[in-house]
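If you read the sequences in order, they're chains A and B. Residues 201 to 501 (this note's numbering) make up the first sequence, in order. Residues -3 to 451 (this note's numbering) make up the second sequence, in order. This report refers to the structure that appears directly beneath it.
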Amino acid sequence: MKEKRMNPRKVSAVKDFICVVPVLIFLAIFTYYPIAELFRISFTDWNLLKDTWQYVGFKNWQWLFNGSGTRYLWNSLRVTVLYSIGELTVTIVGGMIFALIFNRMNKAFSAMRAIVFMPKYVAMSSAAVVFLWILNTDTGILNYLLSLVGISAVDWLGDRNTALISVLMLTGWRCIGYGMMVYLSAMMGISADYYEAASLDGASSFQKFVSITLPMLSPTTLFLFVTTFISSMKVFQSVDILTQGGPYRSTEVFVYNIYRYAMVDFRMDRAATVAIFFFVLLLLVTVATMKISNGRITYDS
Amino acid sequence: MRKKAALVLAAAMVVGMTAGCSGGGSTGKAAVNNADTAAENAGGAADTPAEEVSYEVTEPITITWWHALEEQYSDTVTEIVNDFNSSQDLITVEAEYVGSYSDVNEALVAAHAAGNGLPAITVANTPYVAEYGAGGLTEDLTPYIEASGYDIEDFGDGMVAAAQYDGKQVSLPFLISTQILFYNKDMVDAEGITLPSTWDEMDAFMEAATVKAADGSTERYATIIPGWDQWYFETFYLNQGVNIINEDQVTTDLDGETAVAIAGKLKEWCDNGYTYWTGTADDASSNMRSNFISGKALSVVHTTSLYNTYVDQCDFEIGMAWLPGGETKNQEIGGCVLLIPSKNDQATKNAAWQFMQYLCSKDVNMKWAEGTGYMPTRKSVLETEEGQAFLEQKPAFQAIFDNLDLINPRIQHSAWSQLSNIWKNAMAEMILENGDVQESMEQMSLEINDILSDS
């Protein structure tokens, strides 16, 4: 007679797996299946206006890489990268500076920290509408303030040179408090022993910052870099409300580009093709970031 | 249900990408490859009039009407809908303002793809007729017209044609306008300015009618040509023989010598300060209007439908002049048609048909014509004493009545709205950002050829 007994370790592994199954099913239905579908649609000519569609082979891919779509693909790639650099700079450099300034643990500073962090709680759509008013060429408060110091009105959202900067203003206003909070909590975690030892050796505050704080914050910086980079690549709402990708596609980030093909031109096939490309690109970038930064991070252990 | 799921998933594709969840989002399931539906939509009804379909309304029903008539028209809309609702017992119409013509387009196409949320009846800007007809979005009205003995012959010929696709009556003309040059009659008379009747006379007119300050800045523009809709400048090309879509249906002539020369002229006038390019921003139209109203522009090209609005807001007399022509002096129908989405059930369609007949009736049409600048659509008005009476009320419309035969249907192509977007954006970028004319028009034409051949 066979023993029905199983290795207890195996039993526990099966149990664990069963617990994860619902999540896997969820992911399969709402993430992996749609991605597979997206891939399939990119080989069709599905136009929302038409009731029928056919497979057209690599036509959409040819359009994207060697056709009239190419120009705008590179344009949106460029805009997205510029935007990402902007958001990363604000979140990491700005967040670090603010963290250093607000790193005082008393009531007044706690209130000020709350004020700086608050914008993160404001819905992006509402914030964007407020920025529409602030940035208005004729009636906006920003141009009014500039006029007080003798600078003539700037068409913030209507000029291709300033439109992306305007979008970044909104981003910066919203994100800097988040970067600050993340850095602050990390700074709390740095043992005071290091600073004491450094003081005994006569290190200046700048030296302490460069040799202790900065390296000890590197895991946090990596975390912020990766999460911010990926979320910034997917920016949409602020662009949609402030500029609709304009003027002349100068703020047409990747997701807006996809939106435009899908919901303005009704070309689901093209939208799917760009979306797949974007997905692969994002995947590669994420993997690369993780690979490169592994081993260059100082962990406090 | 499957199609509904399809659209939800399609939306998830975009939303997923945008909402910030990782992984790059999902996709839409393509509309099921449904040849049966397509065949049915493609006009099965028209081919089989013998089939027993009743077009009568027999039970009470509430239907929705989508329109794009802004605030200034809302009183008229309410009055007309109320009149209809109280004129009979069975049908209750609810009017819904959806937004601009392109908002209506987006909402309608999305609802059509989803297969639900469709209005019983909707307005549509004239250039969309072909797109909707080709996509099977619209109900062919021919059997309805036959069944109820509706007199379609009384509409102007061009208007009827503009509401057809591929010979099928997929819509009816509702609020019809055309392009026109509004001018400040007081200034023109006082200064003895001659309005241009051909494109060749434009140079002289632009220079003569512009007023410049000592420092070279413009105090008064000769005219303003809207750049937010290519409809306003496309006749200049058409009348000089440019084929916006060539006969092969897959290429454009907009990179040809004549087209580049016209675009160059438009840019040159802007560069010289005789006019300015409005661009495509939301406030472009209101800025242009206020320039004209305040006397900062001698004239503007705009749609006749705004005649009453201008008359109300200007403290000078408004003149209307036909646009300068070239080899021809044709103009195009603007405004909107009414159509019934094909995916509605028969009872809804029947009720919509009753309401459509009412909206397009002569009485309702004359209400619009008198209260706004939309044109009378009926031959029984245009060609009779009623028309003369109308002209006495609105003498400026003489320019239109003189040229009725020159008002043509729009160019019909299923990629037209994409083409027009590319065109107006390219014009704005070229003029406002000082691009090279030849290069811009060539690049633009490459893109247009691509969407024309792939639609």
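In this text, a Cβ means the ideal position worked out from N, Cα and C, and glycines have one as well. Source: prediction; values computed, not measured.
Report the neighbours of residue i on chain A: residues whose CB is nearer than 7 Å to its CB, in chain order.
i        : result
B/Gly132 : Asp251
B/Val105 : Leu248, Leu249 and Phe466
B/Ala109 : Leu248
B/Ala277 : Gly358
B/Glu127 : Leu249
Note down, in chain order, every chain B residue with its Cβ under 7 Å from the Cβ of residue i.
i        : result
A/Ser268 : Leu442, Glu443 and Asp446
Are the Cβ atoms of residue i and residue j separated by less than 8 Å?
i        : j        : result
B/Ala126 : B/Ser410 : yes
A/Phe298 : A/Val322 : no
B/Cys356 : B/Leu168 : yes
B/Gln226 : B/Thr254 : no
B/Thr219 : B/Ser338 : no
B/Asn283 : B/Thr271 : no
B/Glu92  : B/Thr60  : yes
B/Ser301 : B/Tyr370 : yes
A/Leu288 : A/Phe429 : yes
A/Phe477 : A/Asn247 : no
B/Ala392 : B/Ile314 : yes
B/Trp364 : B/Thr72  : yes
Decide if residue i is buried, meaning its Cβ has at least 16 other Cβ atoms within 10 Å, or exposed.
i        : result
B/Glu381 : exposed
B/Leu319 : buried
A/Thr339 : exposed
B/Ala26  : Low per-residue confidence applies at B/Ala26: pLDDT is 39, beneath 50, and the placement is therefore not dependable, though the value from the model is reported in the following sentence. That one is buried.
B/Ser436 : buried
B/Asn466 : Limits of chain B in this structure are -3 at one end and 451 at the other, which puts residue 466 of chain B out of reach.
A/Leu224 : exposed
B/Pro45  : Annotation note: pLDDT 46 at B/Pro45 (below 50); position unreliable, coordinate value reported separately. Exposed, because fewer than 16 other Cβ atoms sit within 10 Å of the Cβ of B/Pro45.
B/Asp32  : Low confidence applies here, because B/Asp32 scores a pLDDT of 40, under 50, leaving its location unreliable and the question unanswered by this model.
A/Ser325 : exposed
B/Met423 : buried
A/Leu249 : buried
B/Tyr69  : buried
A/Ile492 : exposed
A/Met296 : buried
A/Ile341 : exposed
A/Ser276 : buried
A/Ala348 : First, the residue type needs correcting, since residue 348 of chain A is Leu and not Ala in the sequence shown. A/Leu348 comes out exposed.
State the beta-bridge partners of residue i as determined by DSSP.
i        : result
B/Ala120 : B/Val333
B/Phe151 : B/Arg374
B/Met404 : Per the sequence shown, the amino acid found at residue 404 of chain B is Asn instead of Met. B/Asn404 is bridged to B/Glu328.
A/Thr486 : The partner list for A/Thr486 (beta bridge, DSSP) is empty, contrary to what the question assumes.
B/Ile314 : B/Asn180
B/Thr134 : B/Pro337
May I ask which residues mark the beginning and end of the beta strand (DSSP E) holding residue i?
i        : result
B/Asn180 : Leu168 to Asn180
B/Thr305 : That residue, B/Thr305, is in no beta strand (DSSP E); its alpha helix (DSSP H) goes Tyr303 to Gln309.
A/Arg327 : Residue identity differs from the one stated: residue 327 of chain A is Ala in this sequence, not Arg. First-last for A/Ala327: Met324 to Leu335, but that is the alpha helix (DSSP H), not the beta strand (DSSP E).
B/Asn90  : Correcting the residue identity first, residue 90 of chain B is Glu in this sequence and not Asn. Ile87 to Tyr93 is the span of the beta strand (DSSP E), which, as asked, contains B/Glu90.
B/His63  : Ile57 to His63
B/Thr214 : Thr214 to Arg216
Considering residue i, what are the terminal residues of the alpha helix (DSSP H) in which it resides?
i        : result
A/Arg374 : Ala363 to Met388
B/Ile289 : Ala280 to Ile289
B/Glu253 : Glu253 to Asp267
A/Arg431 : Inspection of the sequence shows that residue 431 of chain A is occupied by Ser rather than by Arg. Segment Ser418 to Met433, the alpha helix (DSSP H) holding A/Ser431.
B/Glu443 : Val433 to Ser449
B/Thr299 : Careful: B/Thr299 lies outside any alpha helix (DSSP H), inside the beta strand (DSSP E) at Ser295 to Thr299.
A/Ile235 : Tyr233 to Ile241
A/Cys219 : Pro208 to Leu227
A/Tyr394 : Ala392 to Leu400
A/Lys408 : Ser405 to Lys408
B/Glu243 : Note, B/Glu243: premise wrong, no alpha helix (DSSP H); not H, not E.
B/Trp419 : Trp412 to Leu428
B/Asp99  : Tyr97 to Ala110
A/Val316 : Lys307 to Phe317
A/Asp359 : That residue, A/Asp359, is in no alpha helix (DSSP H); it is neither H nor E in DSSP.
B/Trp364 : Lys358 to Gly367
A/Ser411 : Per DSSP, A/Ser411 belongs to no alpha helix (DSSP H) and is neither H nor E.
Run through chain B and tell me which residues come within less than 8 Å of residue i, C-beta to C-beta.
i        : result
A/Arg360 : Glu429
A/Tyr448 : Asn421, Ala424, Glu425 and Glu429
How would you list, in chain order, the residues of chain A whose beta-carbon sits under 8 Å from the beta-carbon of residue i?
i        : result
B/Ala259 : Within 8 Å Cβ-Cβ: nothing; B/Ala259 doesn't reach chain A, min ~16 Å.
B/Gln414 : Asp465
B/Glu438 : Residues of chain A passing the Cβ test: none, with the nearest at roughly 12 Å.
Residues of chain A with CB closer than 9 Å to the CB of residue i, please, in chain order.
i        : result
B/Glu102 : Met463, Val464 and Phe466
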